[in-house]
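Engineer: In the working numbering, the protein residues as written are 17 to 237. Even glycine gets a Cβ: it sits at the ideal position worked out from N, Cα and C. No experiment lies behind these values; they were computed from the predicted model shown.
#1: Measuring only the C-alpha atoms, how far is residue 220 from residue 139?
#2: What is the DSSP secondary structure of residue 132, reduced to helix, strand or coil?
#3: Would you tell me roughly how many angstroms separate the C-alpha atoms of residue 39 and residue 132, rounded to the nearest one?
#4: Considering only the alpha carbon of each residue, which of 144, 99, 117, 135 lies closest to residue 126?
#5: Rounding to the nearest angstrom, what Cα-Cα distance links residue 153 and residue 86 in this structure?
#6: Who are residue 169's beta bridge partners in DSSP?
#7: Beta-carbon separation of residue 193 and residue 177 under 8 Å?
#8: Under 8 Å, with one C-beta from each stretch per pair, do the region 99-106 and the region 177-192 reach the 3-pair mark?
#9: Given this structure, state the Cα-to-Cα distance separating residue 223 from residue 208, to the nearest angstrom.
#10: Where does residue 109 land, buried or exposed, given buried means 16+ other C-beta within 10 angstroms?
#11: Does the Cβ-Cβ distance between residue 82 and residue 234 come in under 8 Å?
#12: Give the list of continuous beta strand (DSSP E) stretches no shorter than 3 residues that lie fully inside the region 31-106.
#13: Give the straight-line distance between the Cα atoms of residue 196 and residue 69, rounded to the nearest whole angstrom.
#14: Go ahead and pull the three-state DSSP assignment for residue 184.
#15: Whose CA, out of 215, 237, 232, 171, lies closest to the CA of residue 226?
#16: Residue range of the beta strand (DSSP E) that residue 212 falls in?
#17: In or out: residue 111 buried (at least 16 other Cβ within 10 Å) or exposed?
#18: For residue 67, count neighbouring C-beta atoms within 10 Å of its own C-beta (all shown protein chains included) and say buried if the count is 16 or more, exposed if not.
#19: Can you tell me whether residue 232 is buried or exposed? The criterion is at least 16 other CB atoms within 10 Å of its CB, across all chains shown.
#20: What number of angstroms, rounded off, separates the C-alpha of residue 123 from the C-alpha of residue 65?
#21: Indicate the three-state DSSP secondary structure (helix, strand or coil) for residue 157 in the structure shown.
#22: Whose C-alpha, out of 151, 76, 149, is nearest the C-alpha of residue 117?
#23: So, is residue 258 buried or exposed, given that buried needs 16 or more other C-beta atoms within 10 angstroms?
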């Protein structure tokens, strides 16, 4: 077989594979549902040091809430409300100087892209990638150097996956797990300026990151 004939066979094979892939693309379906979720932030805060002095603030939290979602096969839009609690820890000279229980409430608005893969009649898997904007509505008691709850609000970038289990043609259960990192919030930006000024530029903000686990029931229209 000459090179020209081989090239034609390769082109035909690629076109056949491409058309087969498009033929197997998931059908666009609309659905909506509601459920509950666990959420957390394992990082954030900041620290600064100039030997032998060291100062650090660490506001960590975990909690849960409820959410509603709208799904269009390749994209999911959700709105959630959560309550959480955790310890705000203050370290001075590498020793824990203060630990205070703090409670939080807030709203999550999420937009996630997804691509479903059917594993049979009832089970569908899908990767998830998207963003969540987390807005805090209350923080009690106030964190040091925090002027208002909204100063903790931030944009999250999330990656994970999920699975749907269909009970009927219309009703299904959905489990989703997402790991996210977030941008600095206003409180951390102000804290960074304070630490850098106090410690001659040797201050930095810790990476904010956390895990979300969602469980919901949906209805396909």
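Structural biologist: Reading off the structure:
#1: 45 Å
#2: coil
#3: In this predicted model, residue 39 has a pLDDT of only 48, less than 50, meaning its place in the structure is not dependable; the value taken from the coordinates is given anyway. Residue 39 and residue 132: Cα-Cα distance of roughly 14 Å.
#4: 144
#5: 24 Å
#6: In the DSSP output, where bridge partners are listed per residue, residue 169 has none listed.
#7: yes
#8: no
#9: 12 Å
#10: exposed
#11: no
#12: 47-57, 62-66, 69-75, 77-87
#13: 32 Å
#14: coil
#15: 171
#16: Per DSSP, residue 212 belongs to no beta strand (DSSP E); it is in the alpha helix (DSSP H), 202-214.
#17: exposed
#18: exposed
#19: buried
#20: 34 Å
#21: coil
#22: 76
#23: This structure does not reach residue 258, given that the chain is present from 17 up to 237, and the question cannot be answered.
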